[in-house]
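These notes are about the structure you will find just below.
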Amino acid sequence: MNFAQLGLQEQGVILLAALILLSSFAMLAQSRILACIHAFAWQGVLVAAATAMIALVANQPHLYLSAILTFSLKALLIPWVLHRIVIKLEIAHEVETVVNPALVILAAAALVAFSYYIAMPVEKLSTLATRNTIAISLAVVLIGMLIMVTRRQAITQVVGFMSIENGLFYTAVVATHGMPMVVELGVAFDLLVATVIFGVFFFQIRASIDSLDVDRLSRLVETSEIDEMTVEEE
Amino acid sequence: MADLLNLQGWLLVLLQTVLFVLMAPLLTGWLRLLKAWLQNRSAPSLSQPYRNLLKLMKKEVLVAQTTTPLFRIAPYVVFATTVLTAAIIPLLTVHLPTAAIADVIVLVGFLALGRFFLALASMDAGTAFGGMGSSREMTIASLAEPAMLMAIFTITMTAQSTNISQAIDFLLGQGLVLRPSFMFALLALMLVAVAETGRVPVDNPTTHLELTMVHEAMILEYSGRHLALMEWAAQLKLMVYGVLISNIFFPWGLALDNTPHNLLLSFISLIGKLMVLSVVLALAETVLAKMRLFRVPNYLNLAFLFALLGMLSHVILEAGA
Numbered sequence: 028m029n030f031a032q033l034g035l036q037e038q039g040v041i042l043l044a045a046l047i048l049l050s051s052f053a054m055l056a057q058s059r060i061l062a063c064i065h066a067f068a069w070q071g072v073l074v075a076a077a078t079a080m081i082a083l084v085a086n087q088p089h090l091y092l093s094a095i096l097t098f099s100l101k102a103l104l105i106p107w108v109l110h111r112i113v114i115k116l117e118i119a120h121e122v123e124t125v126v127n128p129a130l131v132i133l134a135a136a137a138l139v140a141f142s143y144y145i146a147m148p149v150e151k152l153s154t155l156a157t158r159n160t161i162a163i164s165l166a167v168v169l170i171g172m173l174i175m176v177t178r179r180q181a182i183t184q185v186v187g188f189m190s191i192e193n194g195l196f197y198t199a200v201v202a203t204h205g206m207p208m209v210v211e212l213g214v215a216f217d218l219l220v221a222t223v224i225f226g227v228f229f230f231q232i233r234a235s236i237d238s239l240d241v242d243r244l245s246r247l248v249e250t251s252e253i254d255e256m257t258v259e260e261e
Numbered sequence: 009m010a011d012l013l014n015l016q017g018w019l020l021v022l023l024q025t026v027l028f029v030l031m032a033p034l035l036t037g038w039l040r041l042l043k044a045w046l047q048n049r050s051a052p053s054l055s056q057p058y059r060n061l062l063k064l065m066k067k068e069v070l071v072a073q074t075t076t077p078l079f080r081i082a083p084y085v086v087f088a089t090t091v092l093t094a095a096i097i098p099l100l101t102v103h104l105p106t107a108a109i110a111d112v113i114v115l116v117g118f119l120a121l122g123r124f125f126l127a128l129a130s131m132d133a134g135t136a137f138g139g140m141g142s143s144r145e146m147t148i149a150s151l152a153e154p155a156m157l158m159a160i161f162t163i164t165m166t167a168q169s170t171n172i173s174q175a176i177d178f179l180l181g182q183g184l185v186l187r188p189s190f191m192f193a194l195l196a197l198m199l200v201a202v203a204e205t206g207r208v209p210v211d212n213p214t215t216h217l218e219l220t221m222v223h224e225a226m227i228l229e230y231s232g233r234h235l236a237l238m239e240w241a242a243q244l245k246l247m248v249y250g251v252l253i254s255n256i257f258f259p260w261g262l263a264l265d266n267t268p269h270n271l272l273l274s275f276i277s278l279i280g281k282l283m284v285l286s287v288v289l290a291l292a293e294t295v296l297a298k299m300r301l302f303r304v305p306n307y308l309n310l311a312f313l314f315a316l317l318g319m320l321s322h323v324i325l326e327a328g329a
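If you're matching them up, the sequences are chains A and B in order.
Letter 107 of the first sequence, counting from 1, is numbered 134 in the working numbering, and no numbers are missing.
Letter 36 of the second sequence, counting from 1, is numbered 44 in the working numbering, and no numbers are missing.
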């Protein structure tokens with residue numbers, strides 16, 4: 028297949044795939060919580076745009092509905108809820124320290140290469156115009172996991188989790204032109220409920236350990252001992 | 009090989025290189041004009057860089073007693089390598105005899121050679137500022153060069169040639185194609201260009217006697233015509249990056265044959281492209297503040313990441329199954 032021979036719309040689909048990958052990297056590299064949430068919102072916009080574009084190219088009208096659902100949920104509603112939680116918890120200006128940012132970025136690049144290797148046999152079986160972007164969608168899933176692994180704040184881990192869901196949805200769209208509508212609606216509803224439950228959890232974690240740093244959960248002991256420990260640390 | 013023996017071709021190269029060298033101060037003047045407008049200052053005239061160069065040419069050359077002959081040779085080497093770089097790049101027309109001899113890796117090599125002599129000369133006088141400047145310059149260059157080469161390799165993989173004129177020929181032939189790899193390579197090259205030419209987020213070109221300066225610290229000991237050559241070379245380098253970016257990523261308008269009509273058209277489109285590109289640069293310089301030196305590696309890592317993503321998206325998305 029020669030790239031230059033594709034139509035402009037198909038080139039647009041592939042360009043959007045590259046931009047989605049870029050937004051994953053942006054999320055990974057952001058050390059500010061609000062900027063990370065904004066990057067997630069942009070990824071939602073891009074996934075919705077890519078879905079609409081694929082609907083146009085492949086002539087699959089039901090994907091327009093998925094695109095609208097994705098846009099309203101992942102680009103508007105969930106980022107808005109997360110944004111509100113961050114403001115309410117007063118952690119908007121907190122900077123999160125990622126241990127070795129350059130190494131994490133290189134690991135993410137290696138994950139992209141790995142998912143290319145994994146997706147190669149799948150691509151050979153597919154005849155869709157979007158088959159080359161399967162590797163990208165897998166990479167988005169893996170980078171979402173990497174975000175969850177490298178972050179300490181509960182809220183950025185949730186952003187990583189949502190990004191995995193973005194990647195899975197995008198995989199479904201590019202590999203098989205989307206899941207059945209019932210499944211899609213179910214997943215969307217699950218995600219919404221998950222956001223609400225996460226929100227409640229944030230407040231609970233915050234109330235019990237006075238921080239959203241989940242590393243501190245691992246040394247959770249009885250209250251009196253915690254006080255001693257913090258005294259020792261200081 | 010027919011290009012090599014063509015007298016008209018060589019004359020055209022000469023003409024184009026002279027035009028390149030003469031236009032470089034104009035680009036700097038235009039950039040200063042734009043920045044002054046954006047920052048609500050009254051702007052210097054467009055010919056001010058020429059007048060500065062002329063003034064410096066007339067002035068006496070003062071050389072510190074501690075220096076070796078290298079100090080006197082360096083400005084000529086730096087200027088000559090930059091002019092040779094300019095001679096390789098297709099400015100108005102694609103088919104040049106020089107482009108047939110030297111490819112894009114030679115271009116990076118010429119720039120590195122110039123930088124090497126600049127760094128040596130700045131250490132030669134033995135002042136603290138000179139050593140500091142050259143160490144900073146080499147730090148930045150060692151990070152910027154891999155990013156630049158990676159971005160260039162992305163382009164050459166698409167065009168299947170490291171020769172700039174063949175690559176541009178190929179890109180002109182296929183018309184408008186939205187390549188994600190080119191988008192990333194463009195971003196990477198723009199970031200590298202800002203770092204390499206010492207523009208605002210990395211270095212401040214208008215600074216004098218400031219602890220954070222890089223390029224100015226290196227040419228602090230120079231005076232008279234030596235300083236003029238160094239400054240001219242810096243302006244030329246800015247133009248080299250500007251023309252490289254605009255003619256590789258937006259090659260439309262470039263003349264494929266050497267008829268006067270096409271050359272004129274190519275000249276007009278070049279002026280337009282450079283004017284737009286310098287608006288982008290002036291805006292960035294006005295909006296952004298200079299970074300701390302220790303954040304420059306992060307900035308160049310970003311450039312490298314863009315270049316790497318460009319290469320990955322070329323392999324994954326464009327090469328096909």
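In this text, a Cβ means the ideal position worked out from N, Cα and C, and glycines have one as well.
Keep in mind the model is a prediction, meaning the values are calculated, not measured.
Contact list for the region 78-99 of chain A against chain B, Cβ threshold 9 Å = Among the residues of the region 78-99 of chain A, none has a Cβ less than 9 Å away from any Cβ of chain B.
Backbone CA spacing between Arg303(B) and Arg207(B) [nearest angstrom] = Taken atom to atom, the span from the alpha-carbon of Arg303(B) to that of Arg207(B) is near 15 Å.
Closest residue to Val112(B) among Phe258(B), Tyr249(B), Ala203(B), Tyr307(B) (Cα-Cα distance) = Its Cα nearest to that of Val112(B), the residue Tyr249(B) stands out among Phe258(B), Tyr249(B), Ala203(B), Tyr307(B).
Decide yes or no for the touch test of the region 196-206 of chain B against the region 124-143 of chain B: beta carbon pairs closer than 8 Å, at least 3 of them.
-> By the Cβ test, the region 196-206 of chain B is not in contact with the region 124-143 of chain B, since fewer than three Cβ pairs between them sit closer than 8 Å.
Output, in chain order, the set of chain A residues within a Cβ distance shorter than 9 Å of Val185(B).
-> Residues of chain A passing the Cβ test: Phe30, Ala31, Leu33, Leu35, Gln38.
Same chain, Cβ closer than 7 Å to Phe225(A), five either side skipped, listed in chain order = For Phe225(A), where only same-chain residues beyond five positions count, the Cβ hits under 7 Å are Val185.
Give the straight-line distance between the Cα atoms of Thr90(B) and Ala140(A), rounded to the nearest whole angstrom.
-> Thr90(B) and Ala140(A): Cα-Cα distance of roughly 37 Å.
Which partner residues does Val139(A) have in the DSSP bridge list?
-> Beta-bridge partners assigned by DSSP to Val139(A): none are found.
Alpha carbon to alpha carbon, what distance is there between Leu289(B) and Gln16(B)?
-> Spanning the two alpha carbons is a distance of roughly 36 Å.
Report the rounded CA-to-CA distance for Thr25(B) versus Met238(B), giving the unit in angstroms.
-> Each residue's alpha carbon lies about 18 Å from the other.
If you draw a straight line from the alpha carbon of Met319(B) to that of Gln168(B), how long is it in whole angstroms?
-> In a straight line, the C-alpha of Met319(B) is about 13 Å away from that of Gln168(B).
What residues are listed by DSSP as bridge partners for Ala263(B)?
-> In DSSP, Ala263(B) forms a bridge with Thr101(B).
Could you tell me if Thr228(A) is buried or exposed, where buried requires 16 or more neighbouring beta carbons within 10 angstroms of its beta carbon?
-> Residue 228(A) is actually Phe in this sequence, not Thr. Exposed is the call here.
Any non-hydrogen atom of the ligand ZN closer than 7 Å to Leu282(B) Cβ = In the structure on display, the ligand ZN does not appear, and there are no ligands present to speak of.
Secondary structure of Arg59(A), DSSP reduced to three states | Correct three-state label for Arg59(A): strand.
Backbone secondary structure at Val122(A) - three-state DSSP | Strand, per DSSP.
Can you round the beta-carbon distance between Thr215(B) and Gln47(B) to whole angstroms, since I take them to be within the 8 Å contact cut?
-> With a Cβ gap of about 15 Å, Thr215(B) and Gln47(B) do not count as contacting.
Does the beta carbon of Leu194(B) come closer than 8 Å to any beta carbon on chain A?
-> Leu194(B) does not count as touching chain A.
Going along chain A, which residues have a C-beta under 9 Å from Ile148(B)?
-> By Cβ distance, chain A contributes nothing, its closest Cβ being about 16 Å from Ile148(B), past 9 Å.
Do Ala79(A) and Ala102(A) have their C-beta atoms within less than 8 Å of each other?
-> No; because the gap between Cβ atoms is not below 8 Å, this pair is not in contact.
N-terminal and C-terminal residue of the alpha helix (DSSP H) that Leu219(A) is part of | Judged by DSSP secondary structure, Leu219(A) falls within the alpha helix (DSSP H) whose first and last residues are 208-236.
Residues in the region 142-169 of chain B with C-beta within 8 Å of chain D's C-beta atoms, listed in sequence order?
-> Note that chain D does not occur in the displayed structure, where the protein chains are A and B.
Report the three-state DSSP secondary structure of Gln73(B) (helix, strand or coil).
-> The three-state secondary structure of Gln73(B), taken from DSSP, is coil.
What residues in the region 156-173 of chain A bring their beta carbon closer than 9 Å to a beta carbon of chain B?
-> Within the region 156-173 of chain A, the residues whose Cβ lies closer than 9 Å to some Cβ of chain B are Arg158, Asn159, Thr160, Ala162, Ile163, Ala166, listed in chain order.
Continuous alpha helix (DSSP H) stretch holding Ser6(B): start and end | Examination of residue 6(B) is not possible in this model, given that chain B is present from 9 through 329 alone.
When the Cβ atoms of the region 273-286 of chain B are set against those of the region 251-262 of chain B, are three or more pairs found closer than 8 Å?
-> Contact holds: three or more Cβ-Cβ distances are below 8 Å.
Residues near Gly280(B) in its chain [Cβ-Cβ closer than 7 Å; skip 5 each side] | Counting only residues of its own chain and dropping the five nearest sequence neighbours on each side, Gly280(B) has no CB closer than 7 Å to any other CB.
Nearest chain A C-beta to Met9(B) closer than 8 Å, yes or no?
-> Reliability fails at Met9(B), whose pLDDT of 45 lies under 50, so the model's placement of it is uncertain and the value that follows must be treated cautiously. Output row for Met9(B): interface = no.
Taking C-beta to C-beta, are Ala181(A) and Val122(A) nearer than 8 Å?
-> Not closer than 8 Å, so no.
Identify whether Asp111(B) lies in helix, strand or coil by the three-state DSSP scheme.
-> Asp111(B) falls in the coil class under three-state DSSP.
Name, please, each residue of chain A whose Cβ falls closer than 7 Å to the Cβ of Ile324(B).
-> Those within 7 Å of Ile324(B) in chain A are Tyr143, Asn159, Ala162, Ile163.
Please confirm if the region 140-153 of chain A is in contact with the region 102-115 of chain A, defined as three or more CB-CB distances below 8 Å between the two stretches.
-> No, because fewer than three Cβ pairs between the region 140-153 of chain A and the region 102-115 of chain A fall closer than 8 Å, the two stretches do not touch.
Verify the CB distance criterion: does Leu48(A) have a CB-CB separation below 8 Å to chain B?
-> Taking Cβ atoms only, chain B reaches closer than 8 Å to Leu48(A), which makes this a yes.
Helix, strand or coil at Asp211(B) [DSSP, three-state] | Under the three-state reduction of DSSP, Asp211(B) is assigned to coil, being neither helix nor strand.
Indicate whether Pro188(B) and Ala45(A) have their beta-carbon atoms separated by less than 8 Å.
-> Yes, they are a contact pair.
CB Leu173(A) to CB Ile145(A), shorter than 8 Å?
-> Cβ distance not < 8 Å, so Leu173(A) and Ile145(A) don't count as in contact.
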